[in-house]
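For the sequence shown, the residue numbers in this note's numbering are 2 to 145. Glycine residues also receive a C-beta, built at the ideal position from the N, C-alpha and C atoms. Let me begin by presenting the structure, written as structure tokens, before commenting on it.
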Amino acid sequence: MSNHPNPQKQKQFDKHYLEMAEIWAKNSYCKRRQVGALIVKNRMIISDGYNGTPAGFENECEDENNKTKAYVLHAEANAITKVARSGNSSEGATLYITTSPCIECAKLIIQSGIIRVVFVDDYHSSDGIELLNRAKIKVEKFEL
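Below, the structure is given as structure tokens:
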């Protein structure tokens, strides 16, 4: 069984993993934006995440002015820290995410060994994508 399916089959896998990431995003308590992420290696989901507050904090992402609180974690940061805590490695994995990464998350993606990022929606800044491109990480926008 090959880990590199033909391009049509890969497109089908990408679509299904992104659909799963969109479902996972619904776990987020954030009102302004709900983002979901999956880390996949050898066609196995090794981690997942969604944006939200750290464990043990109240599940309110926005302050009274509807601004996102500074300590809210992004979906990809949650997925990357979750895989690190599990003892698994994300080296050579693909990150499926509903919104393209910010620059801070792009740094985590680079350091985690993820080699491919597939996303649906654009983040308001393209700095994260530019950094991933500079690091030679394959980045693909996918139309669902």
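According to DSSP, residues forming a beta bridge with residue i
| i | result |
| --- | --- |
| Leu74 | Gly53 |
| Ser48 | Ile40 |
| Ile98 | Ala38 and Phe120 |
| Glu92 | Its beta-bridge partners do not exist; DSSP assigns none. |
| Thr69 | Glu63 |
Residue i versus residue j: straight-line alpha-carbon distance, rounded
| i | j | result |
| --- | --- | --- |
| Ile24 | Arg135 | 30 Å |
| Tyr30 | Tyr51 | 9 Å |
| Ile111 | Asp64 | 31 Å |
| Ser90 | Val84 | 7 Å |
Exposure of residue i, with buried meaning 16 or more beta-carbon neighbours within 10 Å
| i | result |
| --- | --- |
| Ser3 | Unreliable positioning characterises Ser3 in this predicted model, as indicated by a pLDDT of 48, which lies under 50. A coordinate reading is not provided. |
| Ala71 | exposed |
| Asn66 | exposed |
Same chain only: Cβ atoms within 7 Å of residue i, ignoring 5 sequence neighbours per side
| i | result |
| --- | --- |
| Gly93 | Lys42, Gly114 and Ile116 |
Whole-angstrom C-beta distance between residue j and residue i, which should lie under 8 Å
| i | j | result |
| --- | --- | --- |
| Ala26 | Thr95 | With a Cβ gap of about 17 Å, Ala26 and Thr95 do not count as contacting. |
| Val118 | Ile104 | Incorrect: roughly 13 Å between the Cβ atoms, too far for contact. |
| Ala76 | Gly37 | 6 Å |
| Glu20 | Leu145 | 7 Å |
Cβ shell of residue i (< 6 Å), same chain only, five flanking positions each side left out
| i | result |
| --- | --- |
| Ala107 | Gly129, Leu132 and Leu133 |
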